[in-house]
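Read the sequence shown against my numbering and you will find it ends at 397, with the numbers running on by one and no gaps.
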Amino acid sequence: MRLFLILCNLILLVLALGLEIYGFKLILNESLSEQILITSLFLHFIASIIAACIFPTIMASNRKQPQLKINIFFFVVVFYLPVLGLVGLTLAVPFIIRHSPKPKKTNFAMSLSKIRNLPDIPAQAIDDNFANLHSLYRSRNPDKRLKAIYASLKIKDRDAIPLLRMALSDPVDDIRLLAYALLDRKEHGISERIKLSKQKLEKIENSRNKRLYRQIANDYWELANLGLTQGEARNYVLNMACKYIELGLKYYPQDVGLCFQYAQILLKLGNFERAYEQFKKAESLGMEHKKLLIYYAEIAFHRHQYYKVKQLMAEIDYPAAYPQLTSVVQFWQKRN
Numbered sequence: 062m063r064l065f066l067i068l069c070n071l072i073l074l075v076l077a078l079g080l081e082i083y084g085f086k087l088i089l090n091e092s093l094s095e096q097i098l099i100t101s102l103f104l105h106f107i108a109s110i111i112a113a114c115i116f117p118t119i120m121a122s123n124r125k126q127p128q129l130k131i132n133i134f135f136f137v138v139v140f141y142l143p144v145l146g147l148v149g150l151t152l153a154v155p156f157i158i159r160h161s162p163k164p165k166k167t168n169f170a171m172s173l174s175k176i177r178n179l180p181d182i183p184a185q186a187i188d189d190n191f192a193n194l195h196s197l198y199r200s201r202n203p204d205k206r207l208k209a210i211y212a213s214l215k216i217k218d219r220d221a222i223p224l225l226r227m228a229l230s231d232p233v234d235d236i237r238l239l240a241y242a243l244l245d246r247k248e249h250g251i252s253e254r255i256k257l258s259k260q261k262l263e264k265i266e267n268s269r270n271k272r273l274y275r276q277i278a279n280d281y282w283e284l285a286n287l288g289l290t291q292g293e294a295r296n297y298v299l300n301m302a303c304k305y306i307e308l309g310l311k312y313y314p315q316d317v318g319l320c321f322q323y324a325q326i327l328l329k330l331g332n333f334e335r336a337y338e339q340f341k342k343a344e345s346l347g348m349e350h351k352k353l354l355i356y357y358a359e360i361a362f363h364r365h366q367y368y369k370v371k372q373l374m375a376e377i378d379y380p381a382a383y384p385q386l387t388s389v390v391q392f393w394q395k396r397n
């Protein structure tokens with residue numbers, strides 16, 4: 062990408078020089094007329110604009126001044142010093158590039174394997190820290206943004222992962238690499254747990270172990286629910302979670318936990334009818350009705366049964382039941 066930008070700048074520089082020299086040649090070689098003067102001035106103006114666009118990227122890429130001021134400066138230099146301005150700047154390019162300060166690099170050199178082996182830090186459920194991290198990451202200072210990414214190790218995965226995904230598009234390479242490595246670490250940890258549980262399940266004495274079926278499904282569910290997988294990969298892990306829950310239900314069809322988990326996965330997959338059936342089954346097996354209201358409301362919304370959504374939302378005790386959905390519950394409860 063950098064080579065392509067350099068090539069583009071060189072082509073534009075040659076074009077600007079060609080226009081400048083040709084315009085100057087018109088004045089020297091032809092009888093000076095108003096049309097020739099206007100043509101020469103127009104070519105000089107275009108060359109000045111090109112120079113004002115490319116010289117800031119070549120010479121002033123590491124400066125902190127606003128970009129517009131730099132563009133205007135180079136335009137004025139080239140426009141008010143015909144030929145000499147552009148030629149002089151062109152000759153100065155090698156010298157300035159050679160002596161320009163190198164961009165400061167953040168102190169980060171850590172391999173994926175090392176990050177995977179970092180000790181686990183107990184997650185802290187403190188919303189203030191989460192908000193502070195987002196504020197810190199919005200800083201223009203790359204060191205502060207890097208600190209915010211490191212600090213994501215101290216918060217819950219459901220809060221850390223959106224921040225890490227945002228950092229994947231950071232302009233600083235080290236921050237992008239760290240965010241990718243930390244996401245990889247989280248995904249690798251869950252994948253290792255799945256692998257270990259599957260190995261245990263292969264043993265005959267564990268073939269009917271309800272806890273293992275639930276654990277594998279939980280881990281697949283976590284990969285999808287936390288946003289560690291996207292698109293088709295997300296559907297794949299949800300279907301794998303579905304598979305192991307169904308295997309568990311084969312041996313324990315009346316287990317309320319498996320039924321509830323199965324319903325949640327079906328809901329994520331968009332299978333609303335079967336999800337509703339499983340939620341109802343979980344309720345009939347003893348799950349409290351109030352805990353299922355939000356799921357019934359979501360299914361009703363997807364069915365376009367908005368009157369039913371309002372009825373179900375009216376039954377929800379907020380914010381105690383769902384503090385994160387308080388505004389949503391209030392919206393539906395206030396609807397006429």
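The C-beta atom is built at its ideal place from N, Cα and C for all residues, glycine as well.
On the three-state DSSP scale, how would you describe residue i?
{"i": "I377", "result": "coil"}
{"i": "Q366", "result": "coil"}
{"i": "V148", "result": "helix"}
{"i": "G347", "result": "coil"}
{"i": "R237", "result": "helix"}
{"i": "T167", "result": "A caution first: T167 carries a pLDDT of 46, below 50, which makes its placement in the model unreliable, though a value can still be read off. Reduced to three states, the DSSP call for T167 is coil."}
{"i": "S388", "result": "helix"}
{"i": "L353", "result": "helix"}
{"i": "D231", "result": "coil"}
{"i": "S109", "result": "helix"}
{"i": "P143", "result": "coil"}
{"i": "N202", "result": "coil"}
{"i": "L68", "result": "helix"}
{"i": "L93", "result": "coil"}
{"i": "L76", "result": "helix"}
{"i": "P127", "result": "No answer about P127 holds up, because its pLDDT of 46 lies below 50 and its placement is not dependable."}
When the Cα of residue i is compared with those of the options, which residue comes out closest?
{"i": "K304", "options": "T290, K259 and Y83", "result": "K259"}
{"i": "K325", "options": "A77, Y357 and D378", "result": "Residue identity check: residue 325 is Gln in the sequence provided, not Lys. Looking at the Cα atoms, Y357 is the closest of the given residues."}
{"i": "K341", "options": "L354, K329 and G309", "result": "L354"}
{"i": "L225", "options": "Y367, A285 and H195", "result": "H195"}
{"i": "L76", "options": "L102, L66, L93 and S109", "result": "S109"}
{"i": "T151", "options": "I111, L129 and K130", "result": "I111"}
{"i": "Y323", "options": "Q339, I119 and L68", "result": "Q339"}
{"i": "F362", "options": "L74, L346, Y337 and S345", "result": "Y337"}
{"i": "L243", "options": "P223, I119 and L327", "result": "P223"}
{"i": "I157", "options": "L129, V138, D218 and P117", "result": "P117"}
{"i": "R105", "options": "F140, N296, D378 and E344", "result": "According to the sequence as given, residue 105 is His; it is not Arg. The shortest C-alpha separation from H105 is found at F140."}
{"i": "D231", "options": "F134, I131 and N202", "result": "N202"}
{"i": "I67", "options": "F103, I107, E95 and I119", "result": "I119"}
{"i": "I377", "options": "E248, K351 and A221", "result": "K351"}
{"i": "Q276", "options": "V370, Y368 and E253", "result": "E253"}
{"i": "I255", "options": "I133, A278, F103 and L142", "result": "A278"}
{"i": "A221", "options": "V233, E263, L71 and E248", "result": "E248"}
{"i": "I236", "options": "R219, R159 and L207", "result": "L207"}
{"i": "F333", "options": "E344, R364 and A343", "result": "R364"}
{"i": "I133", "options": "I115, G149 and V148", "result": "I115"}
{"i": "I107", "options": "L73, L93 and K130", "result": "L73"}
{"i": "Y274", "options": "K261, K264 and I306", "result": "I306"}
{"i": "L239", "options": "N267, D204 and I360", "result": "D204"}
{"i": "V148", "options": "L78, V233 and L71", "result": "L78"}
{"i": "R199", "options": "L214, F65, M227 and K215", "result": "M227"}
Excluding the 5 residues flanking residue i on each side, which residues of the same chain have their C-beta closer than 8 Å to its C-beta?
{"i": "G292", "result": "none"}
{"i": "V144", "result": "E81, I82 and F85"}
{"i": "K271", "result": "G309, Y312, Y313, D316 and L319"}
{"i": "F136", "result": "S109, I110, A112 and A113"}
{"i": "A285", "result": "R295, V298, L299, A302 and K329"}
Cutting at 7 Å between CB atoms, please list the residues of its own chain near residue i, excluding the five before and the five after it.
{"i": "P127", "result": "Residue placement at P127 is flagged as unreliable, the pLDDT there being 46, under the threshold of 50; the coordinate-derived value follows with that caveat. None."}
{"i": "M348", "result": "V317 and F321"}
{"i": "S388", "result": "none"}
{"i": "Y241", "result": "L229"}
{"i": "G146", "result": "V138 and V139"}
{"i": "R219", "result": "L287"}
{"i": "F169", "result": "Because F169 sits at a pLDDT of 46, beneath the cut-off of 50, its placement in the model cannot be relied upon, and the following sentence gives the value as read from the coordinates. Same-chain partners within the cutoff: L207, D235 and L239."}
{"i": "L142", "result": "none"}
{"i": "S213", "result": "L194, A221, L224, L225 and L243"}
If you drop the 5 nearest sequence neighbours on each side, which residues of the same chain put their C-beta closer than 6 Å to that of residue i?
{"i": "S101", "result": "G84, L87 and I88"}
{"i": "W282", "result": "A302"}
{"i": "D280", "result": "I251, R254 and I255"}
{"i": "L197", "result": "K205 and A209"}
Ignoring anything shorter than 4 residues or poking outside the segment 253-292, list the alpha helix (DSSP H) runs there in chain order. 271-286
Which ranges does the alpha helix (DSSP H) cover as unbroken runs of at least 4 residues, wholly within the segment 307-339, from first to last along the chain? 317-329
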